[in-house]
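Undergrad: Please find one structure pasted underneath; my questions will follow.
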Amino acid sequence: MKSIMLRIRVEPEFKQQLENAVREGKAENMSQLMRKAVDRFLKEVD
483 MKSIMLRIRV EPEFKQQLEN AVREGKAENM SQLMRKAVDR FLKEVD
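Going left to right, the sequence shown walks through residues 483 to 528 as the numbering used here numbers them.
Structure follows, in structure tokens:
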């Protein structure tokens with residue numbers, strides 16, 4: 483499997499929401515949280 487590095491620039495408020503979600507245990511880290519969100523989005527678009 484190939485992987486890529488993706489940089490995402492977000493507003494401070496959104497970054498805080500991501501950090502809070504990780505602290506609440508919704509994901510192990512921000513990368514996993516973003517993967518889950520993108521996966522959910524792509525499934526909805528289909």
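We put the beta carbon where it would ideally sit given N, CA and C, even for glycine.
Owing to the predicted nature of the structure, the values given are computational and were not obtained by experimental measurement.
1) Pick from 516, 527, 498 and 524: whose alpha carbon is nearest that of residue 487?
2) So, are the CB atoms of residue 500 and residue 512 less than 7 angstroms apart?
3) Measuring straight from C-alpha to C-alpha, what distance separates residue 492 and residue 526?
TA: Taking the coordinates as given:
1) As a position in the sequence shown, residue 487 is number 5, starting the count at 1. When each option's Cα is compared against that of residue 487, the closest is 516.
2) As a position in the sequence shown, residue 500 is number 18, starting the count at 1. As a position in the sequence shown, residue 512 is number 30, starting the count at 1. The criterion of a C-beta distance shorter than 7 angstroms is satisfied by residue 500 and residue 512.
3) In the sequence shown, residue 492 corresponds to position 10, counting from 1. In the sequence shown, residue 526 corresponds to position 44, counting from 1. C-alpha separation (whole angstroms): 22 angstroms.
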